[in-house]
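Participant: Residue numbering for the sequence shown follows my numbering, beginning at 89 and increasing consecutively. Take this structure, written in structure tokens, and hold onto it; I'll ask about it next.
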Amino acid sequence: MSKPVRQANADGTWCHRVGKAPRYKLTCTSAPVPPPAVEADAKRFAASAERVTVYVVRKRWADAANVVELTVDGGARAETVPESFVRMRLPPGDHVLRASWPEGETQMAFRGAAGEIRVIELAGSAWAWGSTYAFEPGDAGSRERVLRVRMVADID
């Protein structure tokens with residue numbers, strides 16, 4: 089059984105918290121996250137007839153820090169924090185997803201068809217000597233990981 093997802097802060101942002109009180113380490117979004125109704129809709133995994141729906145999820149035990157910025161096709165941007173996901177509804181076709189953090193960046197090219205739902209994992213590890221991230225295709229457990237984390241952005 090997993091712990092419940094924490095509520096958004098009073099200003100609408102959301103923070104991933106690591107450690108024990110009173111020495112929590114917080115990694116927070118700088119912008120407000122989508123409201124609970126939008127998150128609940130996203131977690132139903134409903135396909136869009138005209139668009140490809142892409143979920144980018146971060147939920148790995150060694151990924152406990154860093155705000156990682158996502159961009160798609162050099163345009164739309166979203167911030168991710170540990171234990172979060174972003175939903176993107178994109179036109180069918182070829183796309184390039186890029187992740188950047190203070191120590192580097194990675195990218196993944198993919199093609200999506202209208203009505204398709206794709207889960208991509210942003211697998212990372214953050215240690216005292218550095219951080220690494222890479223995109224990985226989703227597996228059988230990816231949707232379950234989306235259900236256990238907080239939605240931090242919805243790109244349409």
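Yeah, the Cβ is synthetic: ideal placement off N, Cα and C, and Gly gets one too.
Any idea which residues DSSP pairs residue 187 with across the strands?
Facilitator: According to DSSP, residue 187 bridges with 158, 194.
Participant: According to DSSP, which residues form a beta bridge with residue 105?
Facilitator: Residue 105 is bridged to 114.
Participant: Roughly how many angstroms separate the alpha carbons of residue 89 and residue 232, rounded to a whole number?
Facilitator: The pLDDT assigned to residue 89 is 44, lower than 50, so where the model puts this residue is not dependable; a value taken from the coordinates is nonetheless given after this. So the two alpha carbons sit approximately 12 Å from each other.
Participant: Please list, in chain order, all residues of the same chain as residue 190 whose beta carbon is under 8 Å from its beta carbon, the five residues on each side excluded.
Facilitator: If we look at residue 190 and ignore the five residues flanking it on each side, its Cβ neighbours are 154, 219.
Participant: Going by C-alpha distance, which of 151, 125, 132 is nearest residue 41?
Facilitator: Outside the displayed range of the chain (89 to 244) lies residue 41, so it cannot be described from this structure.
Participant: Mapping the DSSP letters down to three states, classify residue 225 as helix, strand or coil.
Facilitator: Three-state result, residue 225: strand.
Participant: Here's a check: name, in chain order, each residue in its chain whose Cβ is nearer than 6 Å to the Cβ of residue 105, leaving out the five neighbours to either side.
Facilitator: Closer than 6 Å at Cβ, skipping near neighbours: 112, 114.
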